[in-house]
Amino acid sequence: MTSPQTPTDFAAESIAQTSNFAREKSTVAIEKGSSALGGSLDFLSQNAISRSLSNSYNYFQSRREALGLPNPGTVDNIASELSRGVLLTNLIFSGLRADLTKTTSVNPLFQVSHAFSQGSQQLPPYAFAAIYGSSKVFMQATLDSDRSLQGRFNYRWNPSFVTKTSTQIAPGATGGAMISIENDYTGLDFSASLKAVNPWLFDDRLTGIYIASYLQSVTPRLALGLEAVWQRANASEGPQAAVSYAARYKGDDWIGSMQYLASGAVQTSYWRRLTEKVEAGVDLNLQFTGLSGAPGGGGGAMMGAGGAKREGVATLGAKYDFRASSFRAQVDSQGKLGCLLEKRVANPVQITFAGELDHVKNQAKIGLGVSIEAAGEEVMAEQEKAQNAPTPPF
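Residue numbers (the working numbering): 5 to 398.
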C-alpha cells in the first residue's frame, strides 16, 4: 500500500521536474547557439571574398615555391663570410691567454670552461663559463673576476622560429644592466627578426631600442632587405627612428653585399674563394654624416648631432687553411697590419698567435694563447655518433 504524498515530497518533485526542464531547455539553447556561431564562422570563411583571397594566396605560394629561392640568411650576417670567416674582427688580443674546456656530454651538450688572461686591456684576468644545449634549448652563463655576469637563453619553438634572450650585469660606477629579447623566423626564402634592447613598458612612454629586419630572396642569387630601428632613451625625450637598406648577391664562388645606413654610412664587402684552402675579401666603409643631402645634415644622425663628416676605411684580408692550422692576415687604409695564426699541435691542444702593428700611431700588439679541450673516450665516441644530430639554437 502506497503511503500518501506529503506536501514536502510534492514540493521536491516539482522542483526536480522544473530543474530537468530548465536543463533540457539550456542544452537546446547551447546547441542552437553553437550552431549559430558555427554558421557565422562558416560564413566568414566560405564567402566569395575569402575564397578568392585564399585561392590567390595558395596560387602565390605555389608559384613562390616553384622558384626554388634559397634562404638568404639574416641582415646581421649579410657579410659573415668576410667579417667572421676572413677578417680579424673580434679575434685580435694582446698579452697571454689560456682557455681550459671540459666537455662532459655531447647530446645534450654540457661544457664548462676556465679562461685566464694577463696583460690584456679587453679581457678580464679570469672568467668561468658553462654551456648547456639540446635540440630546443641553449643556455650559457659567464662570470668573470670583475664580477660581470653574462647570460644567454635561447629556445627553438619549431624548426623555423627561435627566441633568443641575453642579459649582462656589470657592477661599479661604470657598470649597468642590459637585457635583450630577439625573435628570429627563418622561412624558405626569407628571414625576419624582431629585437628589443632594454624594453620598458611601465612608464608613461615606451622606452628602449627596438629593431626589426627582413631579408628576402628575389632571385636565386639576389636578396634585398631592410632594417628599421626605433628608440627612446627615457620618457622625457622624444623617439628616434631610422631605416637602413641591404642587398646581397651570391655568385658561384663569390659574395657581394652592401648596406646603406640611416646615419649616412655605406658598407660594402666582397668575398671570394680563390681555391679550396684560400679565401680573400675586401671591406669598404664610407661615412657621409653631416654633409648636404646626407642623413644627419639637418640636425645630426640618429644617435646625436655632429658636424660634417666624410671619411672611409678600406680593409683587405685573406685566410689560408693548412692541414692542422689556419693563417689570417689583413691590412687597412689607416695603416694597421694584423695577422692571426691558429695551430693545433695535438688533438686537444691549440696555440694561437695574434699580432697587430699600427704604423700611424706607432703602436704594436702581440698576443699568445693556448686552448686545451678535454673530453673522455665516451664523449669522443658520442661526438662521432651525434654528427647528424640537430644542433642547439645558438
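By construction, the Cβ of each residue, glycine as well, lies at the ideal position given by its N, Cα and C atoms.
Predicted, not measured: the structure shown is a model, and the values here were computed from it.
Asked	Found
Close Cβ partners of residue 392 (< 8 Å) along its chain, the five nearest in sequence each way excluded	none
Assigned secondary structure, residue 201 (DSSP; H/G/I helix, E/B strand, else coil)	strand
Opening and closing residue of the alpha helix (DSSP H) in which residue 160 lies	Unbroken run through residue 160 is the beta strand (DSSP E), 153–162; no alpha helix (DSSP H).
Option nearest residue 66 by Cα separation, candidates 207, 149, 192	192
CB contact flag (residue 398, residue 142, <8 Å)	yes
With 16 other Cβ atoms within 10 Å as the buried cut-off, status of residue 53	exposed
Cβ separation of residue 195 and residue 356, assumed to be a contact under 8 Å, to the nearest whole Å	That pair is no contact at about 32 Å.
Reduced DSSP secondary structure (H/G/I, E/B, other) of residue 404	For residue 404 there is no data in the structure shown, the boundaries of the chain being 5 and 398.
CA-to-CA distance, residue 361 to residue 97, given in whole angstroms	12 Å
Same chain only: Cβ atoms within 8 Å of residue 93, ignoring 5 sequence neighbours per side	87
Residues bridged to residue 218 [DSSP beta-bridge criterion]	196, 230
In DSSP terms, what residue 360 is bridged to	342, 369
Residue 76 burial status per 10 Å Cβ neighbour count (16 or more: buried)	buried
Local Cβ density within 10 Å of residue 384, reported as buried at 16 or more and exposed below that	exposed
Straight-line Cα distance separating residue 340 from residue 371	16 Å
Burial state of residue 161, where buried means 16 or more other Cβ atoms lie within 10 Å	exposed
Touch test, the segment 277–288 against the segment 248–255, Cβ-Cβ under 8 Å, three pairs minimum	no
Continuous beta strand (DSSP E) stretch holding residue 125: start and end	Segment: none, residue 125 is in no beta strand (DSSP E) and carries neither H nor E.
Anticipated Cβ contact below 8 Å, residue 224 with residue 394, distance rounded	Between residue 394 and residue 224 the Cβ distance is about 26 Å, and since that is not below 8 Å, they are no contact.
Rounded straight-line distance, which links the Cα of residue 127 to that of residue 139	31 Å
For residue 391, three-class secondary structure by DSSP	coil
8 Å Cβ cutoff met for residue 107 and residue 377	yes
For residue 227 and residue 211, the rounded distance between their alpha carbons	32 Å
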